[in-house]
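Engineer: Count the sequence shown with my numbering and you get residues 2 to 414, in order. C-beta: ideal position from N, C-alpha, C; glycine also. My questions will all concern the structure given below.
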Amino acid sequence: MGQSKYMMVVGLVVTALTCRVFPLGGGSSPTLAQEAKSQSLIEKAFPHSNKCKRCHERVYEEWETSPLSKSIHSPAFRASLDAYLNSAAGQDKALCFRCHAPHVREFSDQAQLFVDQAKSGDPSLDGVACTQCHLIKQVDRTKHPPEPKYELGSKTLYGPYNDFVQNLAHQSMELGLFQKSDLCLNCHQSVPSATNLGKTNDLLGNWDQSQAVKSGKECQSCHMPEQVGESANGEKKRKVANHTFPGRIGKLRQEAAKLDVQTKIDGYKTTVTVKVQSLVPHNLPTTHPAWATVVLDLDVKGKNLKTVFADNRVYGRTYADAKGQKTIFDFEAVKVLEDTVLKPEETRVETFSFPTPKDTRTFDVDVTLNYGPITGSAPFLQRVEAESSKGSQDPVFHPIEIVKRTENIPVTK
Numbered sequence: 002m003g004q005s006k007y008m009m010v011v012g013l014v015v016t017a018l019t020c021r022v023f024p025l026g027g028g029s030s031p032t033l034a035q036e037a038k039s040q041s042l043i044e045k046a047f048p049h050s051n052k053c054k055r056c057h058e059r060v061y062e063e064w065e066t067s068p069l070s071k072s073i074h075s076p077a078f079r080a081s082l083d084a085y086l087n088s089a090a091g092q093d094k095a096l097c098f099r100c101h102a103p104h105v106r107e108f109s110d111q112a113q114l115f116v117d118q119a120k121s122g123d124p125s126l127d128g129v130a131c132t133q134c135h136l137i138k139q140v141d142r143t144k145h146p147p148e149p150k151y152e153l154g155s156k157t158l159y160g161p162y163n164d165f166v167q168n169l170a171h172q173s174m175e176l177g178l179f180q181k182s183d184l185c186l187n188c189h190q191s192v193p194s195a196t197n198l199g200k201t202n203d204l205l206g207n208w209d210q211s212q213a214v215k216s217g218k219e220c221q222s223c224h225m226p227e228q229v230g231e232s233a234n235g236e237k238k239r240k241v242a243n244h245t246f247p248g249r250i251g252k253l254r255q256e257a258a259k260l261d262v263q264t265k266i267d268g269y270k271t272t273v274t275v276k277v278q279s280l281v282p283h284n285l286p287t288t289h290p291a292w293a294t295v296v297l298d299l300d301v302k303g304k305n306l307k308t309v310f311a312d313n314r315v316y317g318r319t320y321a322d323a324k325g326q327k328t329i330f331d332f333e334a335v336k337v338l339e340d341t342v343l344k345p346e347e348t349r350v351e352t353f354s355f356p357t358p359k360d361t362r363t364f365d366v367d368v369t370l371n372y373g374p375i376t377g378s379a380p381f382l383q384r385v386e387a388e389s390s391k392g393s394q395d396p397v398f399h400p401i402e403i404v405k406r407t408e409n410i411p412v413t414k
């Protein structure tokens, strides 16, 4: 090809690309312009957390490390959302967002925008942030799941304290709801898509009958513990609520359970009895996402610390879809096949038997209670891995230790 023809082809390609990327007039496309307008309307009603950060830096930094800040960012959520939207139940595009970005309740006609934002992998919309909670004025407990009622347009934010400082950014009002578990039940009591399962799929179990609740504890007692600090930058230090929302993530999980391990050698047979005591006033685990499990692992090491026996017990729920096949998705579940979750404050005894290790004077018994890694079909797990910048090293693929006990057992001759 001659140089002049070559330059002509290149010019046409560049022109075509330029026209496609930069529309005539230099403006954005109608779709992008409409999305920007819609997002602006949403953020006018629910100001973005970046605005709150200007004055509430401590709170913002705590929240930023919490799972709530990643409610529509996580690879597992994006993969699950995609599976839901491609399912028979996926016509209600707002369903997942009623908890993962609850302000969709006020903008149901913009559900596609929330979907597009989440699928982008780097949404500029908030999921569960400041105003998604602090604009709630009441909770309707008669609904299942309970429904939050937002107060919009008044520039009033609600919270648990009456010693707030007057400011020009917004009005503040003390509301008892913010020290009650009711505030959390909107999203943490049950899953909307599995309400047809009724009480069999309540996430918390009989939490309201627990000793913790009877003693006066609310969700916030553990998951938003009081501390001393600034509510706003430069403000006098006082009692404030922690916004890291400790639970599965954070040191609080180390207080979730106790293990008591007893080992008995009877000749060629050894029995390990493990007493698992849940210390939390709700189910352990709370079974959303539906693959959530807590796993009790036993590892017996003999000569040269080589594993000679291993076994486990899995606490969680197993679901069946309409075809009777096992599923990890709430939105496909029509039946609970098996329920082994630890009930509120339950103590369960597990027994393991195995041949007494040979050719050693002692052996080690390691017992660990972990939050289990994500499970599911190979295509789903591959999708989660592909969605994560960390690939297979994403934390969702690895167990999280709750508590561990190790004993060295002498073998008597």
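By the three-class DSSP mapping on this structure, what secondary structure does Thr272 have?
Structural biologist: strand
Engineer: Taking Gly206 as the reference, give the member of Leu285, Pro356, His244, Thr32 with the closest Cα.
Structural biologist: Nearest C-alpha to Gly206: Leu285.
Engineer: As a quick exercise: from Arg318, Leu86, Thr407, Ala89, pick the residue whose alpha carbon is nearest that of Leu370.
Structural biologist: Thr407
Engineer: Within the chosen definition, does the segment 164-180 reach the segment 132-148 through at least 3 CB pairs nearer than 8 angstroms?
Structural biologist: Under the three-pair Cβ rule at 8 angstroms, the segment 164-180 counts as touching the segment 132-148.
Engineer: Got a sec? Which residues, its chain only, sit under 6 angstroms from Thr201 by beta carbon, not counting five neighbours each side?
Structural biologist: Val337
Engineer: Identify whether Thr132 lies in helix, strand or coil by the three-state DSSP scheme.
Structural biologist: Thr132 falls in the helix class under three-state DSSP.
Engineer: For Ser390, count neighbouring C-beta atoms within 10 Å of its own C-beta (all shown protein chains included) and say buried if the count is 16 or more, exposed if not.
Structural biologist: exposed
Engineer: I'd like the list of long-range same chain contacts for Phe355, defined as Cβ closer than 7 angstroms, with 5 residues on each side in sequence excluded.
Structural biologist: Here the set comprises Thr271, Val301, Phe310.
Engineer: Please tell me whether Arg406 has its Cβ less than 8 angstroms away from any Cβ of chain D.
Structural biologist: Given the protein chain composition of this structure (a single chain), no chain D is represented.
Engineer: Cutting at 8 angstroms between CB atoms, please list the residues of its own chain near Gly27, excluding the five before and the five after it.
Structural biologist: At Gly27 the pLDDT is 41, less than 50, meaning the model places this residue with poor confidence; the figure from the coordinates comes in the next sentence. Nothing listed; no residue qualifies.
Engineer: Within the segment 228-266, note down every full alpha helix (DSSP H) run reaching 4 residues or more, in order along the chain.
Structural biologist: none
Engineer: Residue ranges of each alpha helix (DSSP H) run of no fewer than 4 residues wholly in the segment 183-212, ordered along the chain?
Structural biologist: 183-189
Engineer: Beta-carbon separation of Gly248 and His224 under 8 angstroms?
Structural biologist: Going by C-beta atoms, Gly248 is nearer than 8 angstroms to His224.
Engineer: Please list the terminal residues of the continuous beta strand (DSSP E) segment that includes Asp300.
Structural biologist: Per DSSP, Asp300 belongs to the beta strand (DSSP E) from 295-302.
Engineer: Quick one: measure Cβ to Cβ for Pro400 and Pro380, integer angstroms, because I've assumed they're closer than 8 angstroms.
Structural biologist: Not a contact, Cβ separation roughly 22 angstroms.
Engineer: Need the endpoints of the beta strand (DSSP E) that Glu175 sits in, please.
Structural biologist: 172-175
Engineer: Can you list, in chain order, the stretches of the beta strand (DSSP E) that have 3 or more residues and sit fully within the segment 62-94?
Structural biologist: none
Engineer: Hey, would you say Thr363 sits closer than 8 angstroms to Asn409, going by beta carbons?
Structural biologist: yes
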